[in-house]
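Structure first, commentary second.
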Amino acid sequence: MPKTQEEVFQIIYNGLIFVGIILSIVSLSISSHSNANISISSYTFISAGVILIIGFLVNKILNLPNLSKLGFFSVFLTNVGPFLLLTGILAFTLYLIITFKDKINSGNISSGYGLFSKLSIAFILMQLYITYYGMQSPEFKESGSLSKIYSSFAYLVGVINVSIVLILASILKYFSTDG
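Count along the sequence shown starting at 1, add 38, and that's the number in my numbering.
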């Protein structure tokens, strides 16, 4: 039985992200007319979990003692920034999938969509793993701050994923087939 509010939040966001990851893996192996629906569900679950983590981290930052404005900004960018970038990626990807759902489900898209969609999922999972591993480190548990190495690597993976998602947007908008 969870003892603290922090443990309850961890159980909830871990559960949401885990369900999203499982659905992402399922969507990779299915090439049917419901692929877009599964992708929407998986990205929604992951987004909900990441938003809970953002709230958890902001609460932790606000409770840090003797933090100047510059210190707050630095800690905020180090801890919350990678998750905000990931949330932006997930939100834009959800927008793309919902907007082009009929094209995706009917298969009237370029074959490049499948490749870049899988790459994006892989980079999302990599970014989740990096930040999750950083949150399990002793430094994070002591100070409440994510190591700059984990944060920087998560930013790097996130920026690469932004490029991949922009390519996905281009494929969906300009490279459709007649079926």
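For every residue, glycine included, the Cβ atom is placed at its ideal position computed from N, Cα and C.
From which residue to which residue does the alpha helix (DSSP H) around PHE138 run?
Taking the first residue of the sequence shown as 1, we reach residue 138 at position 100. Note, PHE138: premise wrong, no alpha helix (DSSP H); not H, not E.
Would DSSP call ILE68 helix, strand or coil?
Reading the sequence shown from its first residue, position 30 is the one you call residue 68. In this structure, ILE68 counts as coil in the three-state DSSP scheme.
What are the boundary residues of the alpha helix (DSSP H) that ASN104 is part of?
Position 66 of the sequence shown, counted from the start, is the residue given in the question as residue 104. Note, ASN104: premise wrong, no alpha helix (DSSP H); not H, not E.
Could you tell me which whole alpha helix (DSSP H) segments of length 4 or greater appear in the stretch 114-173?
Runs of the alpha helix (DSSP H) inside the stretch 114-173: 119-137, 139-144 and 150-173.
Give me the residue from SER67, PHE94, ALA192 and ILE92 with the minimum Cα distance to ILE168.
As a working mapping, residue 168 is identified with position 130 in the sequence shown. Of SER67, PHE94, ALA192 and ILE92, the residue nearest in Cα terms is ALA192.
Since SER214 sits in a beta bridge, which residues does DSSP pair it with?
As a first step, residue 214 must be located in the sequence shown, where it is residue number 176. DSSP output for SER214 lists ILE147 as bridge partner(s).
Any idea if GLY196 is buried or exposed, counting beta-carbon neighbours within 10 angstroms, 16 or more meaning buried?
The sequence position of residue 196 within the sequence shown is 158, counting from 1. Burial call: buried.
For ILE209, I'd like the list of residues in its chain whose CB is within less than 6 Å of its CB, leaving aside the five on either flank, ordered along the chain.
As a first step, residue 209 must be located in the sequence shown, where it is residue number 171. Cβ neighbours of ILE209 beyond the five flanking positions: SER148, GLY150 and TYR151.
In the DSSP assignment, the alpha helix (DSSP H) including GLY93 goes from what residue to what residue?
Within the sequence shown, residue 93 is the residue found at index 55, counting from 1. Run containing GLY93: 73-100, per the alpha helix (DSSP H) assignment.
Here's the rule: buried if 16 or more other CB atoms are within 10 angstroms of the residue's CB, otherwise exposed. What is MET39?
Start at 1 with the first residue of the sequence shown, and residue 39 comes out as number 1. Only weak support exists for where MET39 lies, its pLDDT of 48 falling under 50; the value from the coordinates is given anyway. The residue in question, MET39, is exposed, as its Cβ has fewer than 16 Cβ neighbours within 10 Å.
Quick one, are the C-beta atoms of LEU108 and PHE47 less than 8 Å apart?
As a working note, residue 108 is residue 70 in the sequence shown. As a working note, residue 47 is residue 9 in the sequence shown. Contact: no.
One question on the structure: do GLY87 and ILE49 come within less than 8 Å of each other, judged by their Cβ atoms?
The sequence position of residue 87 within the sequence shown is 49, counting from 1. The sequence position of residue 49 within the sequence shown is 11, counting from 1. Not a contact, by the Cβ cut-off of 8 Å.
When you compare only the Cα positions, how much space is there between ILE136 and ASN104?
Counted from its first residue, the sequence shown places residue 136 at position 98. Counted from its first residue, the sequence shown places residue 104 at position 66. When rounded, the distance between both Cα atoms is 44 Å.
So PHE83 packs on VAL57, CB below 8 Å; how close in whole Å?
Here residue 83 is taken as the residue at index 45 of the sequence shown, counted from 1. Here residue 57 is taken as the residue at index 19 of the sequence shown, counted from 1. Yes, they are in contact, since the Cβ atoms of PHE83 and VAL57 sit about 5 Å apart, within 8 Å.
Pull up the distance between the alpha-carbon of PHE178 and that of LEU100, whole angstroms please.
Position 140 of the sequence shown, counting from 1, holds the residue named residue 178. Position 62 of the sequence shown, counting from 1, holds the residue named residue 100. The alpha-carbon atoms of PHE178 and LEU100 are separated by roughly 15 Å.
When you compare the CB positions of ILE202 and PHE138, do they come within less than 8 Å of one another, or not?
The sequence position of residue 202 within the sequence shown is 164, counting from 1. The sequence position of residue 138 within the sequence shown is 100, counting from 1. Result no, Cβ atoms of ILE202 and PHE138 do not sit closer than 8 Å.
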